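Read through the structure below, which is laid out as structure tokens, and then see the notes.
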Amino acid sequence: MKERKIAGLTIKGTSWAGTGTCFVLPEHKLCFDVAQGLPFAYGMKHYFITHAHMDHAGGIPYIISQKALNKMPPPRFYMPSYMIEPMKQIIQTWSQLEGHQYQYDFLAVQPDNYYPLNEHYGIKPFPTAHRIPSLGYTLFQKRKKLIHPMSQKEILERKAKGENLEKEVLVPLFSFTGDTRIEFLKARPWIAQSKILMMEVTYFGHKKSISHARQWGHIHLDELLPLLPSLQCEKIFLIHLSTRHTLEELNAVLDQKLPPELRQKVEAF
């Protein structure tokens, strides 16, 4: 497990292709994908699942079990709608095997719907392009801003008249992809505007081609490199690396191929 603190967020987690992907934002009690059900995710409250592959969703029953064992409130899992009934069947089977009825909450989510976490923060799913139906997720913060630029004098005068001068806006803080092809970047404009983007890059170099990556619903680094200048993110974390590669090798390639102003934004996690 690695940990990074950036833009007011703590990010903890791990991701290797085919092995396991799980990340938490502890300040918000948020978890994105659950790998095999890793201990650092037990204390979270909201679990957002990108798709049904076992290296991303296999830990759902185990987290439910650990919550019950430790007398914690039942977890809430947000996931694509096609996962709900099969996952209920899986949990029911475990309940029968273990002789214990588990408590949990499964919520089917749809792209573009806003799922509030509290008064100030919420999540919007966005479509991604994997081999099976999949979603990414963005954490938004609600903020107030003036309806249009105005002087301090005008603000005071209009406030004195009881006018409402502010509107509510959603600021994208953190976007997470799960597994996807590169097309996810065009899915919604807020993705490229997120302060932090955590996205899969499974392959780089010549061990596997772009066509191979696309065939299996993944991204090759060479697809991302020409798009980096257009991304407005403060930090871009690359995850889900194939075990054919090492993080050290990926960092060396990034050092070689990116100019300094882009290299400081991009990090292998």
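Heads up: the sequence shown is residues 0 to 268, going by my numbering.
Using N, Cα and C, we set each Cβ at its ideal position, and we do this for glycine too.
From a predicted model like this one, the values you see are computed outputs, not experimental measurements.
Taking the DSSP output, what are the residues bridged to Val252?
-> According to DSSP, Val252 bridges with nothing at all.
Let me know if Asp54 comes out buried or exposed under the rule of 16 or more other beta-carbons within 10 Å of its beta-carbon.
-> buried
Sort Ser14, Ala51, His50 and Thr49 by Cα distance to Leu37 and report the nearest one.
-> Ser14
Got a sec, what are the start and stop residues for the beta strand (DSSP E) Arg75 sits in?
-> Arg75 to Pro79
Between the Cα of Ile5 and those of Phe183, Glu233 and His129, spot the shortest distance and give me the residue it belongs to.
-> Glu233
Residue closest to Thr9, alpha-carbon to alpha-carbon, out of Ala16, Lys28, Gly19 and Met71 = Lys28
C-alpha gap between Phe39 and Pro148, whole angstroms | 45 Å
Any idea if Ser174 is buried or exposed, counting beta-carbon neighbours within 10 angstroms, 16 or more meaning buried?
-> buried
Is the beta carbon of Lys141 sitting closer than 7 Å to the one on Glu167?
-> yes
Ile63 and Tyr101: beta carbons closer than 7 Å?
-> yes
Have a look at Val23 and Phe31 and give me their C-alpha separation to the nearest angstrom.
-> 6 Å
Alpha carbon of His244 to alpha carbon of Ile238, nearest angstrom = 12 Å
Proximity of Thr127 and Gly135 at Cβ, strictly below 7 Å | yes
So what does DSSP say about Met198, is it helix, strand or coil?
-> strand
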